[in-house]
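Asker: So in the working numbering, the last one in the sequence shown is 260, and the numbering has no gaps at all.
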Amino acid sequence: MALPSTGPISLSQVNTELGRAAGATISLGDAGLRGLAGVANGTIGLSALRGKSAQFTHTITSHQQELDLHAYLRGQGWDGTSKVEVTIATGVYIWSDNTTVAALDTGGAFPDGLTLVNHGFIMGKGGDGGYQLTDRTSYVAPTVGGPAITLTQPIIIDNSNGYIGGGGGGGAACTGSARLGLLPTAMHSPGGGGAGGGRGGPMPYGDTDNLVLGDFGAGGAIGQPGSVATGSNNWAGANLPSHGGAGGASGIGAEEARGV
1 MALPSTGPIS
11 LSQVNTELGR
21 AAGATISLGD
31 AGLRGLAGVA
41 NGTIGLSALR
51 GKSAQFTHTI
61 TSHQQELDLH
71 AYLRGQGWDG
81 TSKVEVTIAT
91 GVYIWSDNTT
101 VAALDTGGAF
111 PDGLTLVNHG
121 FIMGKGGDGG
131 YQLTDRTSYV
141 APTVGGPAIT
151 LTQPIIIDNS
161 NGYIGGGGGG
171 GAACTGSARL
181 GLLPTAMHSP
191 GGGGAGGGRG
201 GPMPYGDTDN
211 LVLGDFGAGG
221 AIGQPGSVAT
231 GSNNWAGANL
241 PSHGGAGGAS
251 GIGAEEARGV
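1) Using DSSP with H/G/I as helix, E/B as strand and the rest coil, what is H67?
2) In whole angstroms, what separates the C-alpha of N15 from that of L46?
3) Check G165 in the structure and name its three-state DSSP category.
4) Determine the DSSP secondary structure at V92, reduced to helix, strand or coil.
5) Would you mind stating whether N118 and T81 have Cβ atoms separated by less than 9 Å?
6) Should Q76 go down as buried or exposed, given a rule of 16 or more other Cβ atoms within 10 Å for buried?
7) Distance check for T100 and G127, CA to CA, integer angstroms please.
8) With Q13 as the anchor, note down where its alpha helix (DSSP H) starts and where it stops.
9) When we look at the beta-carbon of G237 and count the other beta-carbons within 10 Å, is it buried (16 or more) or exposed?
10) Excluding sequence positions up to five away, which residues of its chain have a Cβ less than 6 Å from the Cβ of A2?
11) Excluding the 5 residues preceding and the 5 following Q153 in the sequence, name in chain order all residues of the same chain whose CB lies nearer than 8 Å to its CB.
12) From the DSSP output, which residues share a beta bridge with K83?
13) By alpha-carbon positions, which one of T143, L73, I94, V92 ends up nearest to V84?
14) Considering L36, what are the terminal residues of the beta strand (DSSP E) in which it resides?
15) Identify the continuous beta strand (DSSP E) that holds V117 and give its terminal residues.
16) Hey, out of T150, G129, F121, V140, whose CA is closest to S62's CA?
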C-alpha cells in the first residue's frame, strides 16, 4: 500500500511500507528509505516519500505471446528488486505458439516477491493431431500440449477470476483399412488439433499409387476455431475402422524451470 500523497507521514508508516516492524529503528539516511524515495544522496525530507510504494504494480491490457514476465516488467519501469504485483486484465490472452515454450515464463529473479492476479487467459500451445503418412502404413502419433506457465521462483497466483491451462493434446487418428486393388491397406483418419491452437492432422490424398500428404489444419486465432485440413482421400471399398489410438497428452498448467 502506497504512502499518503497528502497529510502527515510518519517513519512508522515508512517502516511498514518497507516491510519492517512499525517501531524498528530508522532514519532519513536509511538506505531503504532513500531507495523508496528515489533520492540516493543529498538532503531528504519526508515529503519526498509522498505517494511512494515499495511495491511495483502493473496491469497487462493487451494480448502477449510467449511472455517473459521479468523482461516485460523491466521494460515497464520496474527496478528489478522491489516487490511486484502484476494483473492480467479481463479478456486478455497470454498464449504460446510453441509446445516447448510456456505462454508465460516468470523469467529472472523477483527478490522481494511476485504476485500474479489473473483475470484473463493463460494458455499453452495445443498439440498436433495424429496422422498417416503417404506410404499408407506409417503413423505419426499426436503430440503433447505445451505448458501454460514456467516458474523460476516461488509466486503467489490469484486465479479466482481467470483461466490457466496447458495446451490440449492432439487427437488420435482413427485406424482402419481400405481395399486398394486386391489387398486391404491400413488407413488412418487424422486427429484434430489440441485446444490452444494445435493443428489438425493432415491426410494423404490423390491417386492411390502416388499419394500426397495434405496440409495441417491451422490452429485457430485467439478465441476462434481452427481450419479444416486441406486434401482428402476418395477411397473405395473402405471397411469398418478399428478403435482410435490414444490422444496426445495435455500440457501442464505450470512447471518449474530446470535448475531452480
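The beta-carbon is built from N, C-alpha and C at its ideal position, and this holds for glycine as well. Keep in mind that this is a model prediction, so the values were computed, not measured.
Answerer: According to the structure shown:
1) First, the amino acid is wrong: residue 67 is Leu here, not His. If DSSP states are grouped into helix, strand and coil, L67 belongs with the strands.
2) Across the structure, N15 and L46 are spaced so that their CA atoms are roughly 12 Å apart.
3) strand
4) coil
5) no
6) exposed
7) 10 Å
8) 11-17
9) The pLDDT assigned to G237 is 39, lower than 50, so where the model puts this residue is not dependable, and the model offers no usable value.
10) Only G51, S53 meet the Cβ criterion.
11) Result list for Q153: T106, A109, F110, L114, V260, in chain order.
12) Q55
13) Across the set T143, L73, I94, V92, the C-alpha of L73 shows the shortest separation from the C-alpha of V84.
14) Segment 31-37 is the alpha helix (DSSP H) holding L36; no beta strand (DSSP E) there.
15) 114-118
16) F121
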